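Trainee:
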Amino acid sequence: MVSIAFIGAGSVVFTRQLVADILRFPELVDARLVLHDIDPERLDVAEATARQVDRQLGGRATVIAALDRRTALDGADFVINMIQVGGVDATIADLEIPARHGLRQTIGDTTGVGGIFRALRTFPVLTALAADMRELCPDAWLLNYTNPMAMNVWWLSVVAPELKVAGLCHSVYWTAHDLAELVGVPVEETRFRAAGVNHQAWLLEWEHEGKDLYPVLRDRIRTDPELERRVRVEIFRRIGYYPTETSEHSSEYLSWFLRSDAQIDRYRLQPLEYVGISRENLAELDRAKQTLAAGGELELEEGASEYAPQIIHSMVTGTRREVHVNVLNRGLIDNLGQDAVVEVPAIVDGSGITPVAMGALPIQCAAVNQAYVSVGRLTVEAARTGDPLLVRQAALMDPNTASTLTPEQIWALCDELTAAHGDLLPEALRSSVVVGGPASAL
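Mind the numbering: the sequence shown is residues 2 to 443 in the numbering used here, read in order.
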């Protein structure tokens, strides 16, 4: 019986889909599913959800709820991490506080100021999780879904290099799926590979029946001027390769889009979009609670698009699959830092996960990725050394932030976010920084 620990299982809708995808595999129907969350109410909903999903799919799994993380990890074969440190309130602060300073973000969970502070409050929990895994399940695979993906996996490579870690994201799959629909071919008949960094990888190989689909895509874009009002299409037109994350996400990784009202209107963007998404997630949690309390059945999505269930199935059964993962760049992309975390294809089977070396990215793609990598490197180093100046310097390196705010404004913004997140941040980083002078406590 395979044992799977869900850390942050209070992400109830996501937990529901992962459990359903796992239990739809006949070889995994008797899995041991251990759900952990620090919020007792959310954990109760997650447990009731998992039990109902199991009943709908045959009722052979073992479902356990554990408020204690160590109980959940004990004996796990796989650990799925999907925590949100600070919850919705911290997420909204990462968006609304910068907005008051004049900085526009859409999602704020990957790079830039939002990603930096989300990472810094997540790192201490990841450190504790890794320490528990070393003791209780040292051979388990840690499958991370928590953003900022690249920075979190990077941090784990620093504090727990001996653990087996892969960061998982569905953006490459859904990019290939949506583009196949746009050009009118079945996605299952296409071959695709992407490489770069999470949420900013590049579709390098994309074929149907041995033919490159990029010329077809270019022709399709020419027939619809409205497509040119999408951020990703603009990036594709300028860089030459299609980026693997939504326009909403991609708009805040570059200096091109959120710097003015005219650009926001032209590319149909919605600053602070994730505030609404976060509140809708809370509403969806309430709907699930009401459905369960009334004895109703939760709706299950069809089809397995998430990688964690597929990876678990492949490792348990030996079934060979190709997925995309976020891992330390050990010779995988030649022209990005070898200490960085990159997103590449990987072969998964009974022997584990084997990333595919992709050589050098097209030079312009690597150039775009460099700013993203620099923000991550400075953030990780800030946490490793306890130097709050590096936090501010990480924000300085972000193209969107630097295109909007002066250095003085970036310092003030970082001070306010530091004060807002308080004890969630590493203790050494809970201070302001005077240019040319010592740090002082906030």
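Backbone N, C-alpha and C define an ideal beta-carbon position, used for all residues, glycine too.
Since the structure is predicted, the reported quantities are computational estimates derived from the model, not experimental observations.
Just the Cα atoms here: how many angstroms apart are Asp-133 and Leu-143?
Mentor: Asp-133 and Leu-143: Cα-Cα distance of roughly 12 Å.
Trainee: Pull the bridge partners of His-325 from the DSSP assignment, please.
Mentor: Pro-346
Trainee: Run through DSSP, which three-state label would Gly-351 get?
Mentor: coil
Trainee: Which value, in whole angstroms, describes the spacing of the CA atoms of Gly-351 and Leu-68?
Mentor: 31 Å
Trainee: If distances are taken between C-alpha atoms only, which option among Ile-65, Met-398, Leu-130 comes closest to Leu-255?
Mentor: Met-398
Trainee: Do you know offhand how far Thr-92's Cα is from Asp-22's?
Mentor: It is roughly 28 Å from the alpha-carbon of Thr-92 to the alpha-carbon of Asp-22.
Trainee: Provide the residue span of the beta strand (DSSP E) that contains Ser-4, from first to last.
Mentor: First-last of the beta strand (DSSP E) with Ser-4: 4-8.
Trainee: Using the DSSP secondary-structure output, state which residues sit across from Glu-298 in a beta bridge.
Mentor: Glu-298 is not bridged to any residue.
Trainee: When you compare the CB positions of Val-374 and Gly-332, do they come within less than 7 Å of one another, or not?
Mentor: no
Trainee: Out of curiosity, what's the CA-to-CA distance linking Arg-61 and Thr-292?
Mentor: 23 Å
Trainee: Answer yes if the region 234-250 comes into contact with the region 197-217, meaning at least three C-beta pairs across the two stretches below 8 Å, and no otherwise.
Mentor: yes
Trainee: In whole angstroms, give me the CA-to-CA distance for Gly-168 and Ile-265.
Mentor: Distance between the alpha carbons of Gly-168 and Ile-265: 31 Å.
Trainee: Thinking just about the alpha-carbon of each residue, which of Val-198, Gly-353, Thr-318 is nearest to the one in Ala-368?
Mentor: Val-198
Trainee: Is the separation between the beta-carbon of Gly-27 and that of Arg-194 shorter than 7 Å?
Mentor: The sequence as given places Pro at residue 27; Gly does not occur at that position. Cβ distance not < 7 Å, so Pro-27 and Arg-194 don't count as in contact.
Trainee: How big is the Cα-Cα spacing for Trp-156 and Gly-387?
Mentor: Rounded to the nearest angstrom, the two C-alpha atoms are 13 Å apart.
Trainee: Identify the continuous alpha helix (DSSP H) that holds Asn-370 and give its terminal residues.
Mentor: 364-386
Trainee: Mind listing, in chain order, the continuous beta strand (DSSP E) runs of no fewer than 3 residues lying wholly within the region 35-82?
Mentor: Segments of the beta strand (DSSP E) lying fully in the region 35-82: 63-67, 79-82.
Trainee: For my contact list, Gly-11 and Ala-47 are in at a C-beta cut-off of 8 Å; report their separation, rounded to the angstrom.
Mentor: Under the criterion of beta carbons closer than 8 Å, Gly-11 and Ala-47 qualify as touching, at roughly 6 Å.
Trainee: Over the uninterrupted beta strand (DSSP E) stretch that includes Trp-207, give me the two end residues.
Mentor: 201-209
Trainee: State buried or exposed for Met-83, treating a residue as buried only when at least 16 other CB atoms are found within 10 Å of its CB.
Mentor: buried
Trainee: For Ala-21, name the three-state secondary structure that DSSP assigns.
Mentor: helix
Trainee: Extract the residue ranges of the alpha helix (DSSP H) inside the region 86-125, only unbroken runs of 4 or more that lie entirely within it.
Mentor: For the region 86-125, the continuous alpha helix (DSSP H) assignments of 4+ residues that do not extend past its boundaries occur at 88-101, in sequence order.
Trainee: Thinking just about the alpha-carbon of each residue, which of His-250, Leu-130, Thr-355, Arg-260 is nearest to the one in Leu-406?
Mentor: Minimum Cα distance to Leu-406 is reached at Arg-260.
Trainee: Taking DSSP's pairing of strands, which residues face Ala-420 in a bridge?
Mentor: Answer is none; Ala-420 lacks a bridge partner.
Trainee: Let me know the secondary structure DSSP gives Pro-310 once reduced to three states.
Mentor: helix
Trainee: By how many angstroms is the C-alpha of Asp-179 removed from the C-alpha of Thr-401?
Mentor: Contrary to the premise, residue 401 reads as Asn rather than Thr in this sequence. Asn-401 and Asp-179: Cα-Cα distance of roughly 26 Å.
Trainee: So is Gln-106 buried or exposed if we call it buried at 16+ other beta carbons inside 10 Å?
Mentor: buried
Trainee: CA-CA distance, Ala-141 and Ser-404?
Mentor: In a straight line, the C-alpha of Ala-141 is about 43 Å away from that of Ser-404.
Trainee: Given Ala-309, which residues of its chain have a CB within under 7 Å of its CB, disregarding the five upstream and five downstream residues?
Mentor: Once the five neighbours on either side are set aside, the close Cβ partners of Ala-309 are Leu-19, Ile-81, Leu-144, Leu-169.
Trainee: Consider the Cβ of Asp-388: report whether some Cβ of chain C lies at a distance smaller than 7 Å.
Mentor: Considering every chain present, this structure includes no chain C. It has just one protein chain.
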